[in-house]
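Numbering (this note's numbering), first residue to last: 1380 to 1845.
The next block holds one structure in the form of structure tokens; read it before the comments.
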RNA sequence: GGAGAGGUGGCUGAGUGGUCAAAAGCGACGGUCUCGAAAACCGUUAUAGGUGUAUGCCUAUCAAGGGUUCGAAUCCCUUCCUCUCCGCCA
């Protein structure tokens, strides 16, 4: 969400920011809305002041037992105008809020121009790409070991699910434990076990809603389908029903229109990442500045509909509806966030270094950076089976963009003024993809997989899978 | 799921239609006193928005959103949340 003051004070900079996102300039339109709103607001408030004054007088007159009819008539005459102005004020505020919250964050100046991941700028590279003759992909290895089962997963849940068994299931668990230990014991993150189902406003706070509902799974607390439909149909408009009777609209049209009007309630969303609950821990709070930065980590499942990625990465477990990830979230004072961003990337990189996985760190291009982010580093791990680097971690600094949406503020000791905190999030790192990377990078010619030394104590000393 | 009770400032808690942005207590901050501290006493102590050169003035906010009324913390509706008892349950 953008600060209306920023648009007022630096409309050119605002439009330039949108341009780098490939969007049309909006400042003129927004400022027009803002001016209209303020004009109407001033009139409303002046009228409210008059009403309050008069009402006070009525109170006094009545207490003294006098007759206040005259002045009551005066106040009554303001009523229609005031109701109109109040209604307008709500409309204006909602309109402004809708625009400001639907536009993506302004990117930092150093974010390289470009439209997709091929335009990302490499900043550094670690590790040595292993020399493997005819490397296999993870699903070939996994299926041959009898520890990765895609067919039964499809039987249970359809495409984009995987079943891990035996030592690979253990590997998944070990990876999570290893990462959490590293971040809590060496980097000072607080381990959190958060809810995985969250309310609308929580998804709004991190920028997932209202724009990205299609990327998520939804878990309503269902009554029967019949009850839900009946409830929704209470919101059908008479006009629609009339059309239905005349055969001008289908039943589906009427239902769809009623559903749009019906209030959304008892909705819970499955988290797409632990960033969602962790960042919202400070929502609607004022944190003491001296307690910042707050650093949270969590290992959670992540649920994604992958709506826009039909046909991509269909084989194996690279892109799933459900996967585990260890997430890092920092809440900082405004002047700390950029330094914290570098620190966070280092924490994520350390995971790959200890696991001896080759990777590179890139800065995402303007067109590829997420909605809420001002700048994003991706870590890309080498996958021998695919003969290329693939994203395994994404670390973003969001400035006050999310904080403004979730009203998360901080205040220094003895200070009066509050400020919005800055938020950062990063994968530290994706467990599913890390498991793939280990399988492919440590594969042996006999189909077994060597366990990276750093991980063995988390696997009961196991040195080789298979 | 059933029945009931609630949600008021940093915290506790009073307030059931009108000088209520809200008593009182605690906490915090400032001052007096003291060599210093404690105690005591005095004072200050919410957030956001609008407006103005300015001390300022105005508006909104008593969980959230609507409504009734000349006037709402107080009455009505909806939603969210908390607690108690019963039921169910890992």
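Think of the CB as a built atom: it goes at the ideal place given N, C-alpha and C, for glycine as much as any other residue.
All of these numbers come straight from a predicted model, not from anything done at the bench.
First and last residue of the alpha helix (DSSP H) that includes residue i?
| i | result |
| --- | --- |
| residue 1520 | 1517 to 1524 |
| residue 1485 | Careful: residue 1485 lies outside any alpha helix (DSSP H) and carries neither H nor E. |
| residue 1431 | 1406 to 1442 |
| residue 1722 | 1716 to 1733 |
| residue 1383 | 1383 to 1388 |
| residue 1741 | Where residue 1741 is concerned, there is no enclosing alpha helix (DSSP H), although the beta strand (DSSP E) it sits in stretches over 1738 to 1742. |
| residue 1654 | 1654 to 1658 |
| residue 1783 | 1780 to 1785 |
| residue 1536 | 1529 to 1536 |
| residue 1557 | 1545 to 1560 |
Among the options, which one has its Cα closest to the Cα of residue i?
| i | options | result |
| --- | --- | --- |
| residue 1463 | 1491, 1427 and 1724 | 1427 |
| residue 1499 | 1748, 1580, 1743 and 1526 | 1743 |
| residue 1791 | 1410, 1509 and 1672 | 1672 |
| residue 1493 | 1758, 1430, 1400 and 1419 | 1400 |
| residue 1659 | 1705, 1573, 1812 and 1627 | 1573 |
| residue 1509 | 1738, 1432, 1704 and 1686 | 1738 |
| residue 1589 | 1390, 1784 and 1836 | 1784 |
| residue 1497 | 1564, 1487 and 1768 | 1768 |
| residue 1669 | 1788, 1549, 1750 and 1507 | 1788 |
| residue 1571 | 1691, 1655 and 1729 | 1655 |
| residue 1719 | 1491, 1777 and 1700 | 1777 |
| residue 1757 | 1452, 1504 and 1667 | 1504 |
Alpha carbon to alpha carbon, what distance is there between residue j and residue i?
| i | j | result |
| --- | --- | --- |
| residue 1474 | residue 1412 | 8 angstroms |
| residue 1591 | residue 1481 | 11 angstroms |
| residue 1454 | residue 1580 | 38 angstroms |
| residue 1596 | residue 1683 | 6 angstroms |
| residue 1430 | residue 1577 | 42 angstroms |
| residue 1456 | residue 1388 | 39 angstroms |
| residue 1839 | residue 1556 | 13 angstroms |
| residue 1761 | residue 1598 | 36 angstroms |
| residue 1798 | residue 1382 | 12 angstroms |
| residue 1650 | residue 1681 | 6 angstroms |
| residue 1823 | residue 1528 | 20 angstroms |
| residue 1648 | residue 1380 | 21 angstroms |
| residue 1392 | residue 1765 | 42 angstroms |
| residue 1582 | residue 1763 | 36 angstroms |
| residue 1633 | residue 1594 | 26 angstroms |
| residue 1772 | residue 1636 | 40 angstroms |
| residue 1782 | residue 1662 | 7 angstroms |
Hey, residue i and residue j are a contact pair by Cβ (cut 8 angstroms); roughly how many whole angstroms apart?
| i | j | result |
| --- | --- | --- |
| residue 1697 | residue 1677 | So it is not a contact: roughly 22 angstroms between Cβ atoms. |
| residue 1688 | residue 1803 | No, residue 1688 and residue 1803 are not in contact; Cβ-Cβ is about 26 angstroms, not under 8 angstroms. |
| residue 1542 | residue 1702 | Not really, about 13 angstroms apart at Cβ, beyond 8 angstroms. |
| residue 1834 | residue 1734 | 7 angstroms |
| residue 1619 | residue 1631 | With 8 angstroms as the limit, residue 1619 and residue 1631 do not qualify as a contact, their Cβ atoms being about 11 angstroms apart. |
Going by DSSP, what residue range makes up the beta strand (DSSP E) through residue i?
| i | result |
| --- | --- |
| residue 1758 | 1754 to 1762 |
| residue 1701 | 1701 to 1711 |
| residue 1680 | 1673 to 1682 |
| residue 1497 | No beta strand (DSSP E) contains residue 1497, which DSSP labels as neither H nor E. |
| residue 1807 | 1801 to 1809 |
| residue 1788 | 1788 to 1790 |
| residue 1821 | Careful: residue 1821 lies outside any beta strand (DSSP E) and carries neither H nor E. |
| residue 1768 | 1767 to 1776 |
| residue 1667 | 1665 to 1667 |
Please work out which residues of its chain come closer than 7 angstroms, Cβ to Cβ, to residue i, disregarding the five sequence neighbours upstream and downstream, and give them in chain order.
| i | result |
| --- | --- |
| residue 1726 | 1562, 1566, 1707 and 1807 |
| residue 1821 | 1828, 1829 and 1831 |
| residue 1818 | 1517, 1520, 1521 and 1828 |
| residue 1485 | 1396 and 1753 |
| residue 1385 | 1393 |
| residue 1644 | Per-residue confidence for residue 1644 stands at a pLDDT of 49, beneath the threshold of 50, marking its modelled position as unreliable; no derived number is given. |
Beta-carbon within less than 8 angstroms of residue i's beta-carbon, same chain only, minus the 5 sequence neighbours each way: which residues are those?
| i | result |
| --- | --- |
| residue 1471 | 1412, 1415, 1416, 1419 and 1420 |
| residue 1423 | 1461, 1464, 1465, 1467 and 1468 |
| residue 1553 | 1834, 1837 and 1838 |
Among the residues of its own chain, which have a CB less than 6 angstroms from the CB of residue i, if the five just before and after it don't count?
| i | result |
| --- | --- |
| residue 1843 | 1827 and 1829 |
| residue 1805 | 1707, 1723, 1727 and 1774 |
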